[in-house]
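Read through the structure below, which is laid out as structure tokens, and then see the notes.
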Amino acid sequence: MSRALWLLILSLFSLTFTLSASSSSWGSRSILRAVNTDNADVHDYAVELNATNFDEVLRDTPASFAVVEFFAHWCPACRNYKPQYEKVARLFNGPDAVHPGIILMTRVDCASKINTKLCDNFSVGHYPMLFWGPPSKFASAGWEPTQTKSDIRVIDDGRTADRLLSWINKQTGSSFALDDQKFENEHLSSNVSDPGQIARAVYDVEEATSTAFEIILGHKMIKSNTRASLVKFLQLLVAHHPSRRCRKGSAEVLVNFDDLCPLDMWSADRQEDQDAQAALGNFQICGRDVPRGYWMFCRGSKNDTRGFSCGLWVLLHSLSVRIEDGESNFAFTTICDFVHNFFICEECRRHFYDMCSSVSTPFNKSRDFALWLWSAHNKVNERLIKEEASLGTADPKFPKMIWPLRQFCPSCYLSRSQKNDGIEWDQDEVFKFLKEYYGKTLVSLYKDKGINGNDGTNRVLEDLVPSTNAIVVPLGAALAVAVASCAFGALACYWRSQQKSRKYFHHLRSLKNI
């Protein structure tokens with residue numbers, strides 16, 4: 001055999017060996033990747049914070065308490081502790097949390113230069129170091145070992161998940177367990193025991209507002225015959241929504257509504273209509289963190305109970321006690337039209353609109369409208385009590401009931417509690433209760449945090465919300481509702497005349513007190 005042939009054979013053998021080895025090596029790496037994938041870190045539930053978002057996140061969270069872990073990514077003890085911390089964070093953080101809205105679990109990497117000053121402010125002397133306190137107390141704050149009085153405390157016994165959760169249980173008087181599962185929750189507080197819990201519903205009102213907006217866009221419900229009712233509802237939200245974030249977001253949507261939703265929007269399957277819907281969807285009506293994906297006051301003991309419908313009712317009641325007498329009939333027609341056009345539960349929508357249609361005399365007093373809405377809600381509950389009892393679909397922890405309970409408002413019940421097989425109400429006392437419950441108490445948590453934004457009115461707000469509390473809107477949108485509210489129409493004309501300058505849009509970005 002010639003030398004050249006031998007060289008060819010050896011070359012082919014070498015190439016075959018190389019390919020075989022390469023294939024074997026690739027296969028090994030593939031197996032390793034598969035193994036690594038199977039054993040990859042579980043989802044991180046703890047929220048990673050840094051100096052740029054620390055104050056904002058902790059100030060705005062609806063949670064009652066926060067845990068902040070200061071760590072360093074190079075620290076072996078921190079890496080080993082992370083799985084323990086995440087076991088606890090799973091219970092409280094994220095849309096799949098077992099006990100959402102109670103405790104916010106966070107982490108800050110002190111090895112990152114951006115966080116150096118933040119870690120110094122909290123006198124971090126070892127890793128990991130855990131702190132506990134009301135979330136808002138962490139914002140723009142710090143901690144010193146020599147402090148005698150502080151709302152922020154060091155967690156001195158949290159080295160394992162069991163010990164950390166045990167420490168938390170002692171602070172909150174709870175009995176949380178690491179194996180708790182979603183909606184199997186005996187820790188859920190009952191709203192019938194503490195009227196002050198309505199304060200937590202302000203976050204559910206934000207959630208419901210954002211969810212309603214998503215439903216409207218997702219189902220392409222803005223059409224030539226429904227857009228006017230949405231404009232009116234946005235006007236109501238801008239002037240009277242209990243959340244500053246939602247007032248501001250609603251104003252931004254309203255200012256751009258004529259451009260994004262022309263009268264012929266979605267009249268045909270046109271690309272520009274789809275683009276307009278996408279553009280409208282870019283507006284976050286209650287801020288970038290909403291919807292959060294969970295409910296607090298409105299959370300049911302089962303996955304399919306309460307939630308959105310509860311949050312929407314709280315929103316409507318809160319609007320009803322914030323309006324002035326001159327706005328009462330506008331609010332009535334606005335809410336009736338909104339439910340009729342945009343609430344997609346057919347039976348509920350029809351029942352509510354039937355009650356609206358039965359009203360023959362316009363409302364002149366805000367009291368009368370608030371009491372009508374309260375009565376309508378109780379009629380809905382009366383119907384659902386019977387239906388859920390026959391079908392076995394009621395929430396066992398939150399059954400439908402006639403509101404308010406005697407324990408919440410004894411004075412709402414007259415001395416003779418029954419009349420014609422029904423309750424005899426003192427409506428003056430009921431209205432006082434509604435004003436306090438859905439008015440002051442609802443926003444008390446925001447006021448405690450100092451973020452309600454109702455403590456002043458700047459010059460930009462004066463252009464946006466005149467003394468009538470009505471929002472100035474684009475002319476094209478306002479004409480559709482001018483018959484329902486002459487005041488809104490007149491203000492709309494004024495705003496349209498000023499719109500050409502386009503300065504208003506830029507001022508809105510700096511709006512702080514809506």
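Per full-length UniProt numbering, the very first residue in the sequence shown carries number 1; after that it's consecutive. All C-beta atoms in this analysis are idealised placements derived from N, C-alpha and C, irrespective of residue type, glycine included.
Per DSSP, the bridge partner or partners of residue i
i      : result
VAL47  : THR106
ARG299 : ARG306
MET129 : PHE70
ARG247 : None, per the DSSP bridge assignment.
TYR413 : TRP425
VAL154 : PHE131
PHE398 : DSSP lists no partner for PHE398.
PHE65  : ILE103
Cβ-Cβ distance between residue i and residue j below 9 Å
i           : j      : result
THR334      : PHE233 : yes
ALA279      : LEU260 : yes
LEU312      : HIS241 : no
ILE168      : VAL253 : no
LEU230      : ILE216 : yes
GLY218      : GLY94  : no
ARG59       : SER175 : no
ASP157      : SER150 : no
SER318      : LEU442 : yes
LEU414      : TRP425 : yes
SER366      : ILE323 : yes
ILE385      : PRO404 : no
SER112      : GLY142 : no
THR172      : ILE102 : yes
ILE402      : GLU388 : no
CYS345      : SER390 : no
residue 522 : PHE283 : No information on residue 522 is available, as it lies outside the stretch 1 to 514 that the chain covers here.
Boundaries of the alpha helix (DSSP H) in which residue i is found, first to last residue
i      : result
TRP372 : 366-391
GLY218 : 201-218
HIS340 : 328-342
ASN225 : Taken as a continuous stretch (DSSP letters only), ASN225 belongs to no alpha helix (DSSP H), as it is neither H nor E.
HIS351 : 346-357
VAL98  : First-last for VAL98: undefined, no H or E at that position.
LEU260 : 257-260
ASP162 : 161-172
ASN80  : 76-92
ASN53  : From DSSP, ASN53 is part of no alpha helix (DSSP H); its letter is neither H nor E.
THR116 : 116-121
Contact test: residue i Cβ vs the ligand ATP heavy atom, cutoff 8 Å
i      : result
PRO362 : Of ligands this structure carries none, so the ligand ATP is not represented either.
Nonlocal neighbours in the same chain, by C-beta distance under 7 Å from residue i, ignoring five residues either side
i      : result
CYS246 : GLU206, THR209, LEU237, ILE285, CYS286
PHE297 : ASN191, GLN197, ILE198, ARG200, ALA201, ASP204
SER320 : ALA331, PHE369, ALA370, LEU373
ARG163 : ASP157
HIS43  : none
LEU118 : ALA51, PHE54, VAL108
ALA72  : CYS78, ASP109, CYS110, ALA111, TYR127
ALA89  : TYR45, ALA46, MET105
SER250 : LEU234, LEU237, VAL238, HIS241, ILE285
SER444 : ALA199
ALA63  : GLY101, ILE102, ILE103, LEU104, PRO135
GLN427 : LEU371
Distance between beta carbons of residue j and residue i, contact taken as under 8 Å
i      : j      : result
ALA46  : ARG107 : 5 Å
ASN329 : PRO362 : 4 Å
ASP325 : ASN364 : 7 Å
LEU130 : GLU69  : 5 Å
Contacts around residue i, its chain only, beta-carbon distance under 8 Å, and the 5 residues preceding and following it disregarded
i      : result
GLY307 : TRP295, CYS298, ARG299, GLY300
PHE352 : CYS336, VAL339, HIS340, PHE343, ALA376, VAL380
VAL359 : PHE332, TRP372
ARG349 : VAL339, HIS340, PHE343
6 Å Cβ shell around residue i - same chain, five flanking residues per side excluded
i           : result
SER411      : GLU429
CYS75       : TYR127
TRP132      : VAL67, ARG153, ILE155
ALA376      : MET355
MET221      : PHE342
SER140      : ASP55
residue 547 : Here the chain has residues from 1 to 514 only, and residue 547 is not among them.
TYR81       : PRO128
GLY281      : LEU217
ALA480      : Here ALA480 scores only 37 on pLDDT, less than 50, and its place in the model should not be relied on; the value that follows carries that caveat. For ALA480, where only same-chain residues beyond five positions count, the Cβ hits under 6 Å are ALA228.
PRO100      : TYR294
THR116      : none
Below-9 Å beta-carbon distance, residue i vs any chain B residue
i      : result
LEU312 : This model lacks chain B altogether, as it is built from one protein chain only.
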